[in-house]
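Asks:
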Amino acid sequence: MFARDFAYQRAYQRKTHGKRRGKSVIIMRRRFDRRREEPRGPPVNWQPMTSVGQQVKNKEIVSIDDILSMGKGILETEIVDTLLPNLVDETMEVCTTQRMTDSGRKYKYRVIMLVGDKNGHFGIGVGKSEEVKPAMETAIREAKKNLVSIPLGCGSWECTCGLKHTLPLTIAGEYGGIELVLKPAPKGIGICANKVVRKVLIMAGVKDIWSFSRGRTSNVYNMSMAVVNAAKQIRYMKGAAYEVVTGSGQVAQQQPPVAEEAPEA
Ligand SMILES: [Zn+2]
28 MFARDFAYQR AYQRKTHGKR RGKSVIIMRR RFDRRREEPR GPPVNWQPMT SVGQQVKNKE
88 IVSIDDILSM GKGILETEIV DTLLPNLVDE TMEVCTTQRM TDSGRKYKYR VIMLVGDKNG
148 HFGIGVGKSE EVKPAMETAI REAKKNLVSI PLGCGSWECT CGLKHTLPLT IAGEYGGIEL
208 VLKPAPKGIG ICANKVVRKV LIMAGVKDIW SFSRGRTSNV YNMSMAVVNA AKQIRYMKGA
268 AYEVVTGSGQ VAQQQPPVAE EAPEA
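Per the numbering used here, residue 28 is the first one in the sequence shown, and the count goes up by one each step.
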């Protein structure tokens with residue numbers, strides 16, 4: 028036996044509290060290995076179907092923020108896979124749904140997945156299937172298509188560090204019957220929020236936050252969509268305010284002189 032086999036055995040014993048010893052290590056090993064087969068990183072043999080996808084493949088677009096600020100939708104998951112190769116995913120909720128038919132009740136799994144790069148981008152997706160794994164895959168694909176950005180900054184009056192550890196300003200969002208307010212907090216506070224908002228904000232890369240929420244906050248989907256809607260509030264800001272908040276104003280100031288010099292020369 029290899030050292031790895033012992034690790035699997037220990038993991039299995041921990042899971043079953045050491046009671047069920049009938050299962051062989053080889054079966055355990057196969058079950059653990061199956062999980063790692065999912066492909067990761069940028070896609071190979073990808074043939075884009077949309078113009079945005081074509082531009083991403085030709086390296087005309089190199090940042091996901093360009094697509095999001097253009098206001099164009101992401102219709103291919105490969106766009107996200109190419110531009111954000113270190114995206115991670117997390118399960119928010121797995122539940123069953125029922126439907127009555129002539130032959131009895133039909134069950135399906137409904138899975139809510141969260142994806143994020145822990146650097147200002149995250150997405151929520153829902154998938155349904157008769158089995159859990161296909162539902163998860165659908166949900167991850169949907170989450171990548173629904174990717175949103177949340178600008179990070181240091182907006183707290185009690186903090187002067189200037190690092191990207193919290194939000195640049197107070198934002199509010201609502202979804203269903205839920206209202207949510209997110210306030211910038213000084214460094215070291217941590218995420219003061221309920222467990223759904225905490226999960227989403229950790230995935231988005233926020234480290235310190237104060238929050239307020241009311242309504243039916245136990246609903247996982249509505250709660251996480253309230254965070255998405257709050258993040259979108261910054262996207263809907265106009266002109267100079269948006270540039271100040273997202274830091275894109277500096278880039279805009281640098282570009283015009285270059286453009287003016289070019290025709291003269
Ligand atoms: Zn700070």
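We put the beta carbon where it would ideally sit given N, CA and C, even for glycine.
Below 8 Å on the Cβ atoms is my guess for residue 104 versus residue 168; work out the distance and round it to an integer in Å.
Replies: Confirmed, Cβ separation roughly 5 Å.
Asks: For residue 131, does the three-state DSSP call read helix, strand or coil?
Replies: In the structure shown, residue 131 sits in a strand (DSSP, three-state: E or B).
Asks: Along the chain, where does the alpha helix (DSSP H) that runs through residue 107 open and close?
Replies: Residues 104 to 110.
Asks: With distances taken between CB atoms, is the gap from residue 250 to residue 244 smaller than 7 Å?
Replies: Contact flag set, yes.
Asks: Relative to the alpha-carbon of residue 238, which residue among 248, 222 and 114 has its alpha-carbon at the smallest distance?
Replies: Considering only alpha carbons, the answer is 222.
Asks: Just the C-alpha distance for residue 225 and residue 130, rounded to the nearest angstrom, thanks.
Replies: Cα to Cα, the separation comes out at about 42 Å.
Asks: Any chance you could list the residues with Cβ under 5 Å from a heavy atom of ligand 1, keeping chain order?
Replies: Residues with a Cβ closer than 5 Å to any heavy atom of ligand 1, in chain order: 181, 186, 188 and 214.
Asks: Where do the N-terminal and C-terminal ends of the beta strand (DSSP E) with residue 153 fall, by residue?
Replies: Counting along the chain, the beta strand (DSSP E) containing residue 153 begins and ends at 148 to 156.
Asks: According to DSSP, simplified to helix, strand and coil, what is residue 193?
Replies: Three-state DSSP puts residue 193 in a strand.
Asks: DSSP three-state label for residue 233, please.
Replies: The answer is coil: DSSP assigns residue 233 none of H, G, I, E or B.
Asks: By how many angstroms is the C-alpha of residue 162 removed from the C-alpha of residue 181?
Replies: Distance between the alpha carbons of residue 181 and residue 162: 38 Å.
Asks: When DSSP builds the beta bridges, which residues end up paired with residue 201?
Replies: DSSP output for residue 201 lists 206 as bridge partner(s).
Asks: Does the Cβ of residue 170 have 16 or more other Cβ atoms within 10 Å, making it buried, or fewer, making it exposed?
Replies: The residue in question, residue 170, is buried, as its Cβ has 16 or more Cβ neighbours within 10 Å.
Asks: Thinking just about the alpha-carbon of each residue, which of 86, 80, 211 and 153 is nearest to the one in residue 122?
Replies: Checked all of 86, 80, 211 and 153; the closest Cα to residue 122 is 153.
Asks: Distance check for residue 193 and residue 254, CA to CA, integer angstroms please.
Replies: Whole-angstrom Cα-Cα distance: 14 Å.
Asks: Residue 147 and residue 232: beta carbons closer than 7 Å?
Replies: A contact, by the Cβ cut-off of 7 Å.
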